[in-house]
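First the structure, in the form of structure tokens, and then the observations on it.
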Amino acid sequence: MQLAVRPAHARDESPCTTGLLPGGAQYTIVAPQGWTPAAGELLILAPGYTFPGEQAEVPTVDEDVFLTLSAFGFAVAGVTYRKSGLAVKQGAEDLEELLAFFTGDPLQCGYGRANRIWLIGGSEGGLIAALVGERHAQRPDPLVDGVLAGCAPVGDFRRQLDYIIDFRVVFDALFPGVIPGSALDVPPEVGAEWDTVHVPRIRELIAADPARVEGLLRITGAAYVPEDPSTIEETVLALLEYGVRATNDALFTLGGSPYDNLARVYAGSGDPALDVAVNAAVVRHAADPIALAELEAFYTTNGNVARADEGGSDVPVVLLHTESDPIVPFWHAQQYQEKVLAAGAQEKHASFPVARYGHCTFDPMEVFTALFTLMMLR
Numbered sequence: 042m043q044l045a046v047r048p049a050h051a052r053d054e055s056p057c058t059t060g061l062l063p064g065g066a067q068y069t070i071v072a073p074q075g076w077t078p079a080a081g082e083l084l085i086l087a088p089g090y091t092f093p094g095e096q097a098e099v100p101t102v103d104e105d106v107f108l109t110l111s112a113f114g115f116a117v118a119g120v121t122y123r124k125s126g127l128a129v130k131q132g133a134e135d136l137e138e139l140l141a142f143f144t145g146d147p148l149q150c151g152y153g154r155a156n157r158i159w160l161i162g163g164s165e166g167g168l169i170a171a172l173v174g175e176r177h178a179q180r181p182d183p184l185v186d187g188v189l190a191g192c193a194p195v196g197d198f199r200r201q202l203d204y205i206i207d208f209r210v211v212f213d214a215l216f217p218g219v220i221p222g223s224a225l226d227v228p229p230e231v232g233a234e235w236d237t238v239h240v241p242r243i244r245e246l247i248a249a250d251p252a253r254v255e256g257l258l259r260i261t262g263a264a265y266v267p268e269d270p271s272t273i274e275e276t277v278l279a280l281l282e283y284g285v286r287a288t289n290d291a292l293f294t295l296g297g298s299p300y301d302n303l304a305r306v307y308a309g310s311g312d313p314a315l316d317v318a319v320n321a322a323v324v325r326h327a328a329d330p331i332a333l334a335e336l337e338a339f340y341t342t343n344g345n346v347a348r349a350d351e352g353g354s355d356v357p358v359v360l361l362h363t364e365s366d367p368i369v370p371f372w373h374a375q376q377y378q379e380k381v382l383a384a385g386a387q388e389k390h391a392s393f394p395v396a397r398y399g400h401c402t403f404d405p406m407e408v409f410t411a412l413f414t415l416m417m418l419r
């Protein structure tokens, strides 16, 4: 979901429109001429995942998106996170620091209390936005009025990590020795040489043994379009890249591995003999309790988006998700809906499934429809 901020020809030129937050994250705030916090609507954009070591850029908004938002009178704020790689916990802290700009003293780069503030995030940013929104729903005077999360791992983040790591584990069982190291121990040079050395080799494997590759996709449940071979390559390469380039950072950030496949039975390839071979060949791993506790405390949604008691508030959450997302599977939207129902908050939740392949492959009308639905729920 490519929504982010860039300076436009009609904006507030105050010295506080760009800078560093206390934790080190960069921010940009863009407001149409005449926008005032007391009467204005603010969109805060939470960016998605960047691989470890990559320089995150202050988010940018496509010109047509910004002009449309400006026409409706919105101000837009964007933030980069203080770290690359897995940044859910840190990103939530960064969003809270940015929110503080809209309660602070204008003489010290505070903008004053905004009339309504909406969080919008795609992928990892959608999870961060949802977590912050749920926390504000438990406050008597929340700063957040609602959340739009696109293609976000909001259903079960531990299961999301399992999905990424499982893909590498099953790939190694089917194609042993192709990628050096293992699913939980990736040599740094593998990531550095990914595009030049490993991608060409994996492409050759896909072309040479399509039946085995299809078995990989079926066992792991990874999305692809059978009638479009290019989606097979796209899915395989994308999931393996996440496994190679993201795993070491995730394990370090979480204080251990949350991945556990000791009792997992791998099936569904369509070839019983292949299923048996995979189960015999996969490397088994046990989860680290420290990592599981970290996930539970800082990475897990609860679906409590409506006023639970006299001390809470409504912070609606709207989801937008492609039904054939190869990176963050569609079951996240379904599982989050189950959480909302269990919390009795279904009146403050809506979900928009999009019948399309791809990760965050939305068109502008789909995004705006979801956004304005969110505003109606408030």
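Here the numbering used here = 1-based position in the sequence shown + 41.
Glycine included, each C-beta is placed from N, C-alpha and C at the ideal position.
| Item | Value |
| --- | --- |
| Compute the Euclidean distance between the alpha carbons of ALA133 and GLU255, then round it to the nearest angstrom. | 38 Å |
| Nearest-angstrom Cα distance between LEU160 and LEU360? | 12 Å |
| Compute the distance between the beta-carbons of TYR307 and VAL324, then report whether it is under 8 Å. | no |
| Quick check on the DSSP output: the beta strand (DSSP E) that includes GLN67 runs from which residue to which? | 67 to 71 |
| Does DSSP put GLU59 in a helix, in a strand, or in coil? | Residue identity check: residue 59 is Thr in the sequence provided, not Glu. Strand at THR59. |
| Taking the Cβ atom as the reference point for each residue, do PRO241 and HIS373 lie within a distance shorter than 8 Å? | no |
| Does the beta carbon of ALA155 fall short of 7 Å from some heavy atom of the ligand ADP? | This structure lacks the ligand ADP; in fact it carries no ligand of any kind. |
| Using the Cβ count rule (16 or more neighbours within 10 Å means buried), how would you classify VAL210? | buried |
| Considering only residues of the same chain and omitting the five flanking positions on each side of GLY89, which have a CB-CB separation below 7 Å? | GLY163, SER164, GLU165, GLY166 |
| What do you get for PRO217, buried or exposed, if any count of 16 or more other CB atoms within 10 angstroms of its CB means buried? | exposed |
| Between ASN345 and ALA391, which are expected to be in contact by the criterion C-beta below 8 Å, what is the C-beta distance as a whole number of angstroms? | At roughly 16 Å, the Cβ-Cβ gap does not stay under 8 Å, so ASN345 and ALA391 are not in contact. |
| From ALA334 to PHE198, what distance separates their C-alpha atoms? | 12 Å |
| My output table needs one value for THR341: the three-state DSSP class, helix, strand or coil. | coil |
| Which same chain residues, not among the five before or five after ALA128, have their C-beta less than 6 Å away from its C-beta? | TYR122 |
| Would you identify the three-state DSSP class for TRP159, choosing helix, strand or coil? | strand |
| Would you mind listing the alpha helix (DSSP H) stretches within the stretch 209 to 295 that are 4+ residues and don't spill past its ends, in chain order? | 229 to 233, 240 to 249, 251 to 261, 270 to 295 |
| Could you give the uninterrupted runs of the alpha helix (DSSP H) lying entirely in the stretch 323 to 409, keeping only those of 4 residues or more? | 330 to 339, 372 to 383 |
| Going by other Cβ atoms of all chains shown within 10 Å of its Cβ, with 16 needed for buried, is VAL188 buried or exposed? | buried |
| Kindly indicate which three-state DSSP category LEU418 falls into: helix, strand or coil? | helix |
| May I ask which residues mark the beginning and end of the alpha helix (DSSP H) holding GLU165? | 165 to 178 |
| Leaving out five residues before and five after SER421 in sequence, what residues of the same chain have Cβ atoms less than 6 Å from its Cβ? | This structure cannot speak to residue 421, because the chain is shown only from 42 to 419. |
| Where does the unbroken beta strand (DSSP E) through LEU86 begin, and where does it stop? | 82 to 87 |
| Considering LEU140, what are the terminal residues of the alpha helix (DSSP H) in which it resides? | 129 to 140 |
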